[in-house]
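This report refers to the structure that appears directly beneath it.
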Amino acid sequence: MLEEILAPVKAVDEIVHRAYAKPVVAYEANGGSKYTLAMMANASLFMSDIGYLAATSIFPYRPASTHQFQDLFGSAVPFVMKGYVGLALIDIVHTYYKKRTISEDGTSGAVAIDLIESGVQHVFRSTRLGVLGCGVYATLKGIHNAFDPTYKSVWDSIDFLWLGGLFSLTASSMYIKDSDQKVLDKKPMWKSAWEKVVGFYESVKPQPVMVPIPVHKRDSEC
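The sequence shown begins at 36 in the numbering used here and counts up by one.
Set out below in structure tokens:
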């Protein structure tokens, strides 16, 4: 039952994952490392924070107000933000570790460490789509506020653009590290689902039945 409920979410996650995997696989085919790309995304988090701090010195300072994010998370703002910070820190440490110690076959050679790695990947795969979705929404909200005359303060836009950048970069790092050729070789879920629909339709579609037509002899032949 739960599997059926989560199937659409998994299908969307797979589409996004394949979109990340294509350029990552191409980059690695040219001698690059996906962990380098992930570290670039992590580094951009710090650049985003620096940009945010710079903005506070250019524009009249107003601390990021919690009520600005009520549109995004409602009363769960503190829980979501603390959860994101923890997730982002785990992602940064994980990226650094993978870049420095993981061998070409994707394992460390230590059973305990590989078990931890498996658990971390499970967390990333369970949360990355939601993190990316929040990032995209916050970014669009920031752009909207920048052009909406009802929002008088520039911070009504900066807050959301900053938050959107943080969430999107963290999710991107998760998708990048989990990308390889196997992702592209796997048959997409939507295609498998479509084949099931077509197969079901073919099974219930009325099939023409051949009805023999009696041949009457001519009177002259009788």
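A virtual CB, placed ideally from N, CA and C, is assigned to each residue, including glycine. Just so you know, these numbers come straight off a predicted model, no measurement behind them.
Can the beta-carbon of residue i be found less than 9 angstroms from the beta-carbon of residue j?
| i | j | result |
| --- | --- | --- |
| glycine 200 | threonine 162 | no |
| serine 203 | alanine 73 | no |
| lysine 117 | tyrosine 70 | no |
| arginine 53 | valine 189 | no |
| leucine 258 | valine 51 | The structure shown has nothing for residue 258, since the chain only spans 36 to 257. |
| glycine 177 | serine 153 | no |
Considering just the uninterrupted stretch of the alpha helix (DSSP H) at residue i, what are its terminal residues?
| i | result |
| --- | --- |
| asparagine 77 | 69-93 |
| lysine 217 | 216-220 |
| aspartate 191 | 190-212 |
Buried or exposed, going by whether 16 or more other CB atoms sit within 10 Å of the CB of residue i?
| i | result |
| --- | --- |
| alanine 56 | buried |
| aspartate 194 | buried |
| lysine 122 | Reading off the sequence, residue 122 comes out as leucine, not lysine. Buried, because 16 or more other Cβ atoms sit within 10 Å of the Cβ of leucine 122. |
| glycine 67 | exposed |
| threonine 130 | buried |
| aspartate 126 | buried |
Distance check for residue j and residue i, CA to CA, integer angstroms please.
| i | j | result |
| --- | --- | --- |
| phenylalanine 114 | proline 241 | 55 angstroms |
| phenylalanine 159 | isoleucine 151 | 12 angstroms |
| leucine 167 | threonine 205 | 8 angstroms |
| tyrosine 172 | glutamate 39 | 26 angstroms |
| aspartate 48 | glycine 86 | 30 angstroms |
| threonine 101 | valine 128 | Summary for threonine 101: the model assigns pLDDT 46, below 50, so the residue's position carries little reliability; its value from the coordinates is reported in the next sentence. Between threonine 101 and valine 128, the C-alpha separation is close to 28 angstroms. |
| cysteine 169 | proline 243 | 52 angstroms |
| tyrosine 62 | aspartate 84 | 27 angstroms |
| valine 44 | aspartate 149 | 27 angstroms |
| histidine 157 | asparagine 65 | 29 angstroms |
| valine 155 | methionine 82 | 25 angstroms |
| leucine 41 | leucine 124 | 27 angstroms |
| threonine 185 | threonine 91 | 21 angstroms |
| proline 247 | alanine 46 | 49 angstroms |
| proline 249 | lysine 221 | 54 angstroms |
| leucine 88 | arginine 135 | 31 angstroms |
| tyrosine 119 | isoleucine 93 | 27 angstroms |
Could you check if residue i belongs to the surroundings of the ligand MN, using beta carbon to heavy atom distance under 8 angstroms?
| i | result |
| --- | --- |
| phenylalanine 182 | You won't find the ligand MN in this model; it holds no ligand whatsoever. |
Original post:
Touch check for the stretch 68-80 and the stretch 176-188: three-plus C-beta pairs under 8 angstroms?
Top reply: no
*Indicate whether the contact test is met: 3 or more Cβ pairs, each with one atom in the stretch 188-199 and one in the stretch 212-219, closer than 8 angstroms.*
no
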